[in-house]
Structures are given as structure tokens and as C-alpha cells.
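*Asks:* If you scroll down you'll find the structure; I have some questions about it.
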Amino acid sequence: MTSPTITVRALQLGERIDLKGLEREDVVSTNPLAFRTASGGTVVLFKSGAAVFIAMTPPEEEALIDSLLARVDRPLEERESESAQIVLRADAEDLLTTSGAIQLRAADPNRLLLVAEALAMSVAMSYDERRIGKAFDRITPVAESLSQRRLPPGPQNALLEQIGEALTIQQRLAGRVDLDDKPDVLWDHPELERLWTKLVDEYDLVARGRAIGRKLEVIHETADTITDLMSTRTSHRLEWYIIALIAFEIVLGLYDRFWK
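In the working numbering, the protein residues as written are -10 to 249.
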């Protein structure tokens, strides 16, 4: 007998989703916000900009996305997505199969919420990795110039704009996904801890989170180094301007004394 399967799809819709006012009486969870649809599917929404659709058809998903767009901050034209198949087997333990499917004993709300949390983190990290890649493209020429002990060529305004954009990305991404915070459902259902650990390992969330953190540190340190160098160069220029002014005043004084 074939085991029942459920399709789960996660999408990163934008930078953030404003969830205020979306509370309903039939919610499955408030953090993240999860509720059932008329067709029997489940929607899980995250402030980080991710939406997870469980047992829903593509038309149902798009209809719900359209209803949310006004609440999405900086909607993405190219959305990150992640899909998974849940296989239900009441006589087996929760695990991830060699085929990549997620095997669950039951499709109860708590287990589904953990799967949604893992997929939402995964698509958020994919989006962050893409954004950080663009930031690195901007600072790589700058870092190469610094390795040669010189500031990058070009006007200061262009350099400041590059660093400003990289820092903006760093600020937006810092703390977006915190793996130290366990999903709320685990506080009430610690017996599901093993399932969460398996999901975190399957989607490599810890390693990806650390990589994002290291890259954010590099961006921040590079920006600090450049601003320090630019500040030093500016102060040196000011010193020469002051010396030149003093010398000019001395020349004027000598002129007034000996030639007038």
C-alpha cells in the first residue's frame, strides 16, 4: 500500500511580511502565523519574508500571494523557492529518507510547523546568500586595492556609495535568521527535538548560517578599514593645508616687513 504524501513549498516573497491584522480565529499558530485554507491546506507566514504552503495547488498559492503583496516589503521579482515531499507512515519514526523525502508519523500541526520552519529558514538563507554574493562583487575590487596598500582608484563618492550599499545589505541581513532561537513549538513539545535536529542537518542550516555570519563580518571589517584610511588621508590633507596656510602667512609677514 502506497503511503500518503504531502507537498510543501516555501517561497521568499520579499524582505519582510507585515503580519499585523492577519490574526484569525482558526489559526494553527501565531508565531509563525499559520492557518488552514478552505481546501484543507495550510499556510505558514514568517516575518522574515517567507511563506510556506502545505498541501496546496499552485493556483491556490498564487491567489494567496496576490492577497499578501500589499504587506510584503520590497517584493522580489526572482523568488527563492524550496520544495519537499512529506511521506506519512504511522508505523515508522520521523526521519529524512535517502530519497530526500521527509517521513512523518502524522501530519499534525506541530510536525508540519517544524517542516515549515526549516524550509522558511532555507529559502531565507538562499536569498541572503544571493544578496551577500552581490555585496562581495562590490567590495572585491576594493579589497584587492587594499591588499596593495592603496585606496581604490576613482572618485571618493563612488567608493562611499559602494561601501554604503554593502553596509546596507549587512544591516538588513544581520540577525535575520537566528538558529540559536528554537521554534516555539519545541517549548511545548520537546519530544519533537530529534525531528528538528534532523531537519536542521538536512538543510545544512548551521553551516550556512555560520558562512553568512563570516561574510557579513568581512563586509563590515572592509568598510571599517576603508573609512579609517579615507579619514586618515583626509586628515593628512588637512595637515598639509594648514602647513601651507602657515607658510603663506609667514611669507606675507616677511613681505610686509622687508619689502614695504
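Glycine included, every Cβ here is placed at the ideal spot set by N, Cα and C.
Quick caveat, the model's predicted, so the values are computed rather than measured.
1) How many Å lie between Glu4 and Gln74 at the Cα?
2) Let me check understanding here. Comparing Cα to Cα, which of Glu106, Val207, Thr211 lies closest to Asp170?
3) Check whether the Cβ atoms of Phe35 and Ile6 sit closer than 8 Å, and answer yes or no.
4) In three-state DSSP terms, what is Glu71?
5) Pull up the CB-CB distance for Val112 and Leu8, whole angstroms please, since I reckon it's below 8 Å.
6) Does Glu180 pass the burial test, meaning 16 or more other C-beta atoms within 10 Å, or should it be called exposed?
7) Quick one: give me the first and last residue of the beta strand (DSSP E) that Ser18 is part of.
8) Note the first and the last residue of the continuous beta strand (DSSP E) segment covering Arg(-2).
9) Which of the three DSSP states is assigned to Thr86 in this structure?
10) So, does the stretch 92 to 109 touch the stretch 172 to 188, judging by three or more C-beta pairs under 8 Å?
11) Across which residues does DSSP place Ile91 in a beta bridge pair?
12) Quick one: what's Arg203 bridged to in DSSP?
13) Flag Asp193 as yes if its beta-carbon sits less than 8 Å from any beta-carbon of chain C, otherwise no.
14) Let me know if Ser37 comes out buried or exposed under the rule of 16 or more other beta-carbons within 10 Å of its beta-carbon.
15) Find out if the Cβ-Cβ distance for the pair Ser88, Thr(-4) is shorter than 8 Å.
16) Measure from the alpha carbon of Pro21 to the alpha carbon of each residue in Leu11, Ser28, Gly29, Ala27, then state which is nearest.
17) Suppose contacts are defined by Cβ-Cβ distances below 8 Å. Is Glu67 in contact with Ser115 by that definition?
18) May I ask which residues mark the beginning and end of the alpha helix (DSSP H) holding Arg183?
19) Exposed or buried, which one is Ser18 when buried takes at least 16 other CB atoms within 10 Å?
20) Does DSSP put Asp213 in a helix, a strand or coil?
21) Counting along the chain, where does the alpha helix (DSSP H) carrying Ala52 start and finish?
22) Return the chain-ordered list of same chain residues with a C-beta closer than 6 Å to the C-beta of Ile201, the five sequence neighbours on each side being excluded.
*Replies:* Taking the structure as given:
1) Reading the sequence shown from its first residue, position 15 is the one you call residue 4. Reading the sequence shown from its first residue, position 85 is the one you call residue 74. So the alpha carbons of these two residues sit roughly 26 Å apart.
2) Here residue 170 refers to the residue found at position 181 when the sequence shown is read from its first residue. Ranking Glu106, Val207, Thr211 by Cα distance to Asp170 puts Glu106 first.
3) In the sequence shown, counting from the first residue as 1, residue 35 sits at position 46. In the sequence shown, counting from the first residue as 1, residue 6 sits at position 17. A contact, by the Cβ cut-off of 8 Å.
4) Taking the first residue of the sequence shown as 1, we reach residue 71 at position 82. Glu71: strand per DSSP, three-state reduction.
5) Walking along the sequence shown from the start, residue 112 turns up at place 123. Walking along the sequence shown from the start, residue 8 turns up at place 19. At roughly 17 Å, the Cβ-Cβ gap does not stay under 8 Å, so Val112 and Leu8 are not in contact.
6) Taking the sequence shown and counting its residues from 1, one reaches residue 180 at position 191. With fewer than 16 other beta carbons inside 10 angstroms of its own, Glu180 counts as exposed.
7) Within the sequence shown, the letter at position 29 stands for residue 18. Segment 16 to 19, the beta strand (DSSP E) holding Ser18.
8) Here the question's residue -2 lines up with position 9 in the sequence shown. Its beta strand (DSSP E) spans residues -6 to 1.
9) Counted from its first residue, the sequence shown places residue 86 at position 97. The answer is coil: DSSP assigns Thr86 none of H, G, I, E or B.
10) Contact between the stretch 92 to 109 and the stretch 172 to 188 is present, because at least three Cβ pairs lie under 8 Å.
11) In the sequence shown, counting from the first residue as 1, residue 91 sits at position 102. The partner list for Ile91 (beta bridge, DSSP) reads Ile75, Leu85.
12) Start at 1 with the first residue of the sequence shown, and residue 203 comes out as number 214. None; Arg203 has no bridge partner.
13) Of the protein chains in the structure, only one exists, and it is not chain C.
14) Along the sequence shown, read from residue 1 onward, the residue named residue 37 stands at position 48. Counting Cβ neighbours within 10 Å, Ser37 comes out buried, since at least 16 surround it.
15) Start at 1 with the first residue of the sequence shown, and residue 88 comes out as number 99. Start at 1 with the first residue of the sequence shown, and residue -4 comes out as number 7. Taking 8 Å as the Cβ cut-off, Ser88 and Thr(-4) do not qualify as a contacting pair.
16) Position 32 of the sequence shown, counting from 1, holds the residue named residue 21. Closest option to Pro21, Cα to Cα, is Leu11.
17) Taking the first residue of the sequence shown as position 1, residue 67 is located at position 78. Taking the first residue of the sequence shown as position 1, residue 115 is located at position 126. Not in contact: Glu67 and Ser115 (Cβ atoms no closer than 8 Å).
18) For this step, residue 183 is matched to residue 194 along the sequence shown. Per DSSP, Arg183 belongs to the alpha helix (DSSP H) from 182 to 191.
19) For the purposes of this step, residue 18 is taken as the residue at position 29 of the sequence shown. It is buried - the Cβ of Ser18 has at least 16 other Cβ atoms within 10 Å.
20) In the sequence shown, residue 213 corresponds to position 224, counting from 1. For Asp213, the secondary structure class from DSSP, reduced to helix, strand or coil, is helix.
21) One-based indexing of the sequence shown puts residue 52 at position 63. Counting along the chain, the alpha helix (DSSP H) containing Ala52 begins and ends at 47 to 57.
22) On the sequence shown, residue 201 is found 212 positions in, with the first residue counted as 1. So the list reads Asp117, once near-sequence residues are dropped.
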